[in-house]
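Colleague: The structure under discussion is supplied below as structure tokens; questions concerning it will follow.
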Amino acid sequence: MTNKDLANLIFPNIDKTIEDYEKLYPSRNGKTVTRFAPSPTGYVHIGGIYQAIIDYLIAKRDNGVFILRIEDTDQKREVKTAVELIDNAIHYYGLIPDEYELSGKIVGEYGPYVQSERKEIYHAFIKYLIEIGRAYPCFCAKEELEELRVMQEHKKQRTGYYGKYAKCRNLSIEQMIEKIKKGQPYVIRFKSNGDFEEKFKFYDEVKGDLELSKNDEDFVIMKSDNLLPTYHFAHLVDDHLMHTTHVVRGEEWLSSVPKHVELFETFGFELPKYIHTPLIVKKEGNSIRKISKRKDPEASMNYYSELGYPKEAVIESLMTIINSNYEQWHEENFNKEFIDFEYNPSKMSSSGGLYDLEKLNKLSKEFISKMTAEHLYEESYKWAKEYSESLKNIIEIDKEYYKNILNIERDQEKPRKDIINYSMIESLIWYMYDDIFNSKEKEYEWKNIQDKIEIKNILSTYINEYYDEDDDKDMWFDKIKSMCEKLNYASNIKEYKKNPELYKGNVADVSTILRVALTTKSNTPDLYCIMKLLGRDRILERYNLILNN
RNA sequence: GGCCCAUUGGUGAAAUGGUUAACACAUCGCCCUCUCAAGGCGACAUUCAUGGGUUCAAAUCCCAUAUGGGUCACCA
Numbered sequence: 010m011t012n013k014d015l016a017n018l019i020f021p022n023i024d025k026t027i028e029d030y031e032k033l034y035p036s037r038n039g040k041t042v043t044r045f046a047p048s049p050t051g052y053v054h055i056g057g058i059y060q061a062i063i064d065y066l067i068a069k070r071d072n073g074v075f076i077l078r079i080e081d082t083d084q085k086r087e088v089k090t091a092v093e094l095i096d097n098a099i100h101y102y103g104l105i106p107d108e109y110e111l112s113g114k115i116v117g118e119y120g121p122y123v124q125s126e127r128k129e130i131y132h133a134f135i136k137y138l139i140e141i142g143r144a145y146p147c148f149c150a151k152e153e154l155e156e157l158r159v160m161q162e163h164k165k166q167r168t169g170y171y172g173k174y175a176k177c178r179n180l181s182i183e184q185m186i187e188k189i190k191k192g193q194p195y196v197i198r199f200k201s202n203g204d205f206e207e208k209f210k211f212y213d214e215v216k217g218d219l220e221l222s223k224n225d226e227d228f229v230i231m232k233s234d235n236l237l238p239t240y241h242f243a244h245l246v247d248d249h250l251m252h253t254t255h256v257v258r259g260e261e262w263l264s265s266v267p268k269h270v271e272l273f274e275t276f277g278f279e280l281p282k283y284i285h286t287p288l289i290v291k292k293e294g295n296s297i298r299k300i301s302k303r304k305d306p307e308a309s310m311n312y313y314s315e316l317g318y319p320k321e322a323v324i325e326s327l328m329t330i331i332n333s334n335y336e337q338w339h340e341e342n343f344n345k346e347f348i349d350f351e352y353n354p355s356k357m358s359s360s361g362g363l364y365d366l367e368k369l370n371k372l373s374k375e376f377i378s379k380m381t382a383e384h385l386y387e388e389s390y391k392w393a394k395e396y397s398e399s400l401k402n403i404i405e406i407d408k409e410y411y412k413n414i415l416n417i418e419r420d421q422e423k424p425r426k427d428i429i430n431y432s433m434i435e436s437l438i439w440y441m442y443d444d445i446f447n448s449k450e451k452e453y454e455w456k457n458i459q460d461k462i463e464i465k466n467i468l469s470t471y472i473n474e475y476y477d478e479d480d481d482k483d484m485w486f487d488k489i490k491s492m493c494e495k496l497n498y499a500s501n502i503k504e505y506k507k508n509p510e511l512y513k514g515n516v517a518d519v520s521t522i523l524r525v526a527l528t529t530k531s532n533t534p535d536l537y538c539i540m541k542l543l544g545r546d547r548i549l550e551r552y553n554l555i556l557n558n
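Residue numbers (this note's numbering): 10 to 558.
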């Protein structure tokens, strides 16, 4: 009985060899290849998009290939709709892969791009490993392994299935064959040759030179239930056959690098470059921790869509964590897009990138302020149709009117920056709509002048003697100033500050009355623009509401 | 616990042995201003986790300690 007999017993129907597959997926002649390889286990995590951006950037920079590969080897955690979510997210953020398999459509010559469809390929590689005596079936039960772990912990030894603890590696081929024939369940383990005491050098594109201990664990490469490979093995086979040149993955993978190195070495395959990205962390009180799907809503890309952050702002904020010199670069190259940025892994922070919502808000405000009213209208309308019935209704009352509101203080050199995301638009503009204004319980935010008689005095004087719908902005303000003088308010604030006792107040106080009476709010965009949009009738109506009370 | 990684202001972060430790966010102040949002100007680390060492010179190199993180699955 030989290893070959064992291999044939386990994989009787696998005829293709590694060479066959290498012929099927020939060299890409040095082309840069990156891949985004998410597991379909739920919503899209911000760390995923963060990595996808890096993959995308590297591929674009080198005129290479960006692959989307679905890593669905864990059937227990799989969520059916997750692939769709991934699809939506990468398209939404404009990270379009060159090779992929989505809703049955395959693009690219190096597929399948879904791991569960690559079973035979993995089996061919595992079969070879068994033939050369570098992999073997392991019949240890979960409980046995658990006992082993407890015992190792108790003895303060390294936990794991290695060396003398790797019980099944010493089984004779006859014993293995017998157990298999009896129908005992098994996994396939890699048979390590490594010595943990020995070190080797490893270069990571982010961290630089590292010295790691060699792997000596006989880790599982094929699972018993669905006969699919574990991550480690799929990484070897897929990234070799797809000719991946740059593996971008989270720092949590750093500790399994020795496994991957030994695997690549035993096959004689060339190791890709590794970019182990710092984890996205979050500050909570005094402690910093990995951003988590469960606890942090902002970990999900849905969070940003639901609140209506423009995708550009989200990418921008991620870019600032990816390379800290990005912001400066973008300031100097304001007409370029993030794709033009030359990503440099060694410029990446080696500690955790802190995801900062305040920063996102700032970037988002900035981005929205630079949009044209037309563009903002389109984007916010698109958003409202999906996420906000009430904003949708508002917009549909009169689209031109809505656009005009958005255009207040926008079409100028230093546009107004007060919209952080689409979900807050409604709270900024509701008073421009009569239905909402009239139905709302009004809380007028009067400031310095609270006296009802004085408020009425100002309003009636303004309506009767000064207000003219056709005035231009200068005239409009000149009239307010004239009114101030008449009512004994300072028309000039500096003047007022010099001698406050000479006046009842100043032009700001008077303007506030005109503003609050119209909008209930003490803080609004340019009053002149608001009055222009509301028009004479509605202004009179709102002022009379106060005058007649 | 073993192994690995990290540690610069309130926060992110630059600096790779040599001027007053960039820049950005936040905060505060002043200016501008009809309010607000902006914008302009300015303030904000006697010091780079701590302790040693190397050097004419250290945030930068070395050692130790502390703290934080990652990982030790038939999860990726």
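Quick reminder that beta carbons are idealized off the backbone N, C-alpha and C, glycines included.
Secondary structure at SER309, three-state DSSP: helix, strand or coil?
Modeller: Taking the first sequence and counting its residues from 1, one reaches residue 309 at position 300. Strand at SER309.
Colleague: If you draw a straight line from the alpha carbon of LYS208 to that of ARG167, how long is it in whole angstroms?
Modeller: For the purposes of this step, residue 208 is taken as the residue at position 199 of the first sequence. For the purposes of this step, residue 167 is taken as the residue at position 158 of the first sequence. Cα-Cα distance, rounded: 16 Å.
Colleague: From ASN224 to HIS241, what distance separates their C-alpha atoms?
Modeller: Counted from its first residue, the first sequence places residue 224 at position 215. Counted from its first residue, the first sequence places residue 241 at position 232. Distance between the alpha carbons of ASN224 and HIS241 is about 13 Å.
Colleague: Using only CA atoms, which one of ARG258, HIS255, LYS408 and SER432 lies nearest to GLY317?
Modeller: Counting from one through the first sequence, the residue named residue 317 turns up at place 308. Nearest option by C-alpha distance: SER432.
Colleague: Whose C-alpha, out of TYR386, ILE377 and GLU315, is nearest the C-alpha of ASP407?
Modeller: Mapped onto the first sequence, residue 407 falls at position 398. Among TYR386, ILE377 and GLU315, the Cα nearest to that of ASP407 belongs to TYR386.
Colleague: Measuring straight from C-alpha to C-alpha, what distance separates GLY294 and ASN558?
Modeller: For the purposes of this step, residue 294 is taken as the residue at position 285 of the first sequence. For the purposes of this step, residue 558 is taken as the residue at position 549 of the first sequence. Any reading at GLY294 must be qualified, since the residue scores a pLDDT of 47, below 50, and its modelled position is unreliable; the value itself is stated next. Their Cα atoms are separated by approximately 50 Å.
Colleague: Do ARG551 and GLU478 come within 8 Å of each other at the CB atom, strictly closer than that value?
Modeller: Here the question's residue 478 lines up with position 469 in the first sequence. Here the question's residue 551 lines up with position 542 in the first sequence. Cβ distance not < 8 Å, so GLU478 and ARG551 don't count as in contact.
Colleague: Identify every run of the alpha helix (DSSP H) within the region 311–380, keeping only runs that are complete inside it and at least 4 residues long; order them along the chain.
Modeller: For the region 311–380, whole alpha helix (DSSP H) runs of length 4 or above, ordered along the chain, are 320–331, 335–341 and 366–379.
Colleague: Under 8 Å, do ALA308 and LEU372 count as touching if we go by C-beta distance?
Modeller: In the first sequence, residue 308 corresponds to position 299, counting from 1. In the first sequence, residue 372 corresponds to position 363, counting from 1. No, the pair does not count as a contact, with Cβ atoms beyond the cut-off.
Colleague: To the nearest angstrom, report how far apart LYS25 and TYR122 are at their CA atoms.
Modeller: In the first sequence, residue 25 corresponds to position 16, counting from 1. In the first sequence, residue 122 corresponds to position 113, counting from 1. Going by the C-alpha atoms only, they are around 19 Å apart.
Colleague: Helix, strand or coil for SER222 per DSSP?
Modeller: Numbered from its first residue, the first sequence carries residue 222 at position 213. Note: SER222 maps to strand in three-state DSSP.
Colleague: State the start and end residues of the unbroken alpha helix (DSSP H) segment that holds VAL196.
Modeller: In the first sequence, counting from the first residue as 1, residue 196 sits at position 187. No alpha helix (DSSP H) holds VAL196; the beta strand (DSSP E) holding it covers 196–199.
Colleague: Quick check: the Cα distance between LYS345 and TYR101, rounded to an integer number of angstroms?
Modeller: Here residue 345 refers to the residue found at position 336 of the first sequence. Here residue 101 refers to the residue found at position 92 of the first sequence. If I take the Cα positions, the gap works out to 19 Å.
Colleague: Taking the CB atoms as reference points, tell me whether GLU454 and THR529 lie closer together than 8 Å.
Modeller: Against the first sequence, residue 454 aligns to sequence position 445. Against the first sequence, residue 529 aligns to sequence position 520. Yes; because the gap between Cβ atoms is below 8 Å, this pair is in contact.
Colleague: Can you tell me whether DSSP reads ASP460 as helix, strand or coil?
Modeller: Within the first sequence, residue 460 is the residue found at index 451, counting from 1. In this structure, ASP460 counts as coil in the three-state DSSP scheme.
Colleague: CA-CA distance, PHE259 and ARG70?
Modeller: Residue 259 sits at position 250 when you count from the first residue of the first sequence. Residue 70 sits at position 61 when you count from the first residue of the first sequence. Position check: residue 259 holds Gly in this sequence, whereas Phe was assumed. Looking at the two C-alpha atoms, the distance is approximately 21 Å.
Colleague: Could you tell me the distance, in whole angstroms, from the CA atom of LEU237 to the CA atom of LEU138?
Modeller: In the first sequence, the residue the question calls residue 237 occupies position 228. In the first sequence, the residue the question calls residue 138 occupies position 129. So the alpha carbons of these two residues sit roughly 15 Å apart.
Colleague: So the candidates are PRO49, LEU496 and ILE403; which of them puts its Cα closest to the Cα of ASP81?
Modeller: Position 72 of the first sequence, counted from the first residue, corresponds to residue 81. Looking at the Cα atoms, PRO49 is the closest of the given residues.
Colleague: I need the DSSP call for GLY57, collapsed to helix, strand or coil.
Modeller: Here residue 57 corresponds to residue number 48 of the first sequence, with the count starting at 1. Looking at GLY57 - three-state DSSP - the assignment turns out to be helix.
Colleague: If you check the beta carbons only, do ALA393 and ARG419 fall under 8 Å apart?
Modeller: For the purposes of this step, residue 393 is taken as residue 384 along the first sequence, with counting starting at 1. For the purposes of this step, residue 419 is taken as residue 410 along the first sequence, with counting starting at 1. No, they are not a contact pair.
Colleague: How is MET441 classed by DSSP in three states: helix, strand or coil?
Modeller: Working through the first sequence from its first residue, we reach residue 441 at position 432. Looking at MET441 - three-state DSSP - the assignment turns out to be helix.
Colleague: Considering Cα atoms alone, identify which of ILE403, LYS482 and HIS252 is closest to TYR30.
Modeller: By 1-based counting over the first sequence, the position of residue 30 is 21. Answer by Cα proximity: HIS252.
Colleague: Tell me GLU108's beta-bridge partners as DSSP assigns them.
Modeller: Position 99 of the first sequence holds residue 108. Note: GLU108 sits in a beta bridge opposite ILE76.
Colleague: So, using beta-carbon positions, are HIS269 and LEU245 closer together than 8 Å?
Modeller: For the purposes of this step, residue 269 is taken as residue 260 along the first sequence, with counting starting at 1. For the purposes of this step, residue 245 is taken as residue 236 along the first sequence, with counting starting at 1. Yes, the Cβ-Cβ distance between HIS269 and LEU245 is below 8 Å.
Colleague: Quick one: what's VAL525 bridged to in DSSP?
Modeller: Translated into the one-based positions of the first sequence, residue 525 becomes position 516. DSSP output for VAL525 lists no bridge partner at all.
Colleague: Tell me whether ASN553 sits in a helix, a strand or coil according to DSSP, three-state version.
Modeller: What you label residue 553 is simply residue 544 of the first sequence in a count that begins at 1. Of the three classes helix, strand and coil, the one that applies to ASN553 here is helix, per DSSP.
Colleague: Just to confirm, is the Cβ distance from MET492 to TYR471 under 8 Å?
Modeller: Walking along the first sequence from the start, residue 492 turns up at place 483. Walking along the first sequence from the start, residue 471 turns up at place 462. For MET492 and TYR471, yes; Cβs fall inside 8 Å.
Colleague: Quick one: grab the DSSP three-state call for ALA499.
Modeller: The sequence position of residue 499 within the first sequence is 490, counting from 1. Three-state result, ALA499: strand.
Colleague: Does DSSP put LYS165 in a helix, in a strand, or in coil?
Modeller: Translated into positions along the first sequence, residue 165 becomes position 156. In this structure, LYS165 counts as coil in the three-state DSSP scheme.
Colleague: Which two residues bound the contiguous alpha helix (DSSP H) that contains SER92?
Modeller: As a working mapping, residue 92 is identified with position 83 in the first sequence. It is worth fixing the name first, because residue 92 is Val in this sequence and not Ser. Element bounds for VAL92: 91–101.
Colleague: Quick one: using the 10 Å Cβ neighbour count with 16 as the cut-off for buried, is ASN342 buried or exposed?
Modeller: Within the first sequence, numbered from 1, the residue matching residue 342 stands at position 333. With fewer than 16 Cβ atoms within 10 Å of its Cβ, ASN342 is classed as exposed.
Colleague: Would you identify the three-state DSSP class for LYS144, choosing helix, strand or coil?
Modeller: Within the first sequence, the letter at position 135 stands for residue 144. Reading off the sequence, residue 144 comes out as Ala, not Lys. The answer is strand: DSSP assigns ALA144 an E or B state.
Colleague: Using CA atoms only, rank isn't needed, just tell me which of ASN235, GLU153 and LYS173 is closest to GLU126.
Modeller: Here residue 126 refers to the residue found at position 117 when the first sequence is read from its first residue. If we check each option's Cα against that of GLU126, ASN235 comes out closest.
Colleague: When DSSP labels each residue in this structure, what does MET540 get in the three-state scheme?
Modeller: The sequence position of residue 540 within the first sequence is 531, counting from 1. If DSSP states are grouped into helix, strand and coil, MET540 belongs with the helices.
Colleague: So, with DSSP's three-state summary, where would you put PHE45?
Modeller: Looking up residue 45 in the first sequence gives position 36. In this structure, PHE45 counts as strand in the three-state DSSP scheme.
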